[in-house]
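Going left to right, the sequence shown walks through residues 408 to 490 as this note's numbering numbers them.
Even for Gly, the Cβ is constructed at its ideal location relative to N, Cα and C.
Remarks on the structure that follows.
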Amino acid sequence: IYLYGGASGNYQRPEVTYQGDIIAQAITLDEYVAKHQLDVGLIKVDIEGTEREFLKGAKQTIMSKRPILLISIYHTADDFLDI
408 IYLYGGASGN YQRPEVTYQG DIIAQAITLD EYVAKHQLDV GLIKVDIEGT
458 EREFLKGAKQ TIMSKRPILL ISIYHTADDF LDI
């Protein structure tokens, strides 16, 4: 994650000055859903090209809960076929 003023993300704008890195701990959606015993009916994802990795970590949730999926995959034509 890149920090710019009060914002964070993985997108870098050339006119913004780099302020440093932080290490962020992450878990998969499957881990989060199991830990909090959630009933998932809808998953909306727009994560700038890392949709495939997200879906790998959400496989059990998708298979067991059968939620509606809204996934933004417009980066390349192959993104749709890969997912």
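CB of residue i within 8 Å of CB of residue j, strictly
i	j	result
VAL440	THR468	yes
LYS466	VAL447	no
Close beta carbons around residue i, own chain, < 8 Å, minus the five adjacent residues each side
i	result
LEU477	LEU449, ILE450, LYS451, VAL452
ASP437	GLY464, ALA465, LYS466, GLN467, THR468
C-alpha gap between residue i and residue j, whole angstroms
i	j	result
THR435	THR424	31 Å
ILE454	HIS443	22 Å
LYS463	MET470	11 Å
ASP485	ALA433	27 Å
ALA431	GLU460	17 Å
GLU422	ILE480	27 Å
Beta-ladder partner(s) of residue i, from DSSP
i	result
ILE478	VAL452
Spatial neighbours of residue i in its chain, beta-carbon cut-off 6 Å, leaving aside the 5 residues before and after
i	result
ILE475	LEU449
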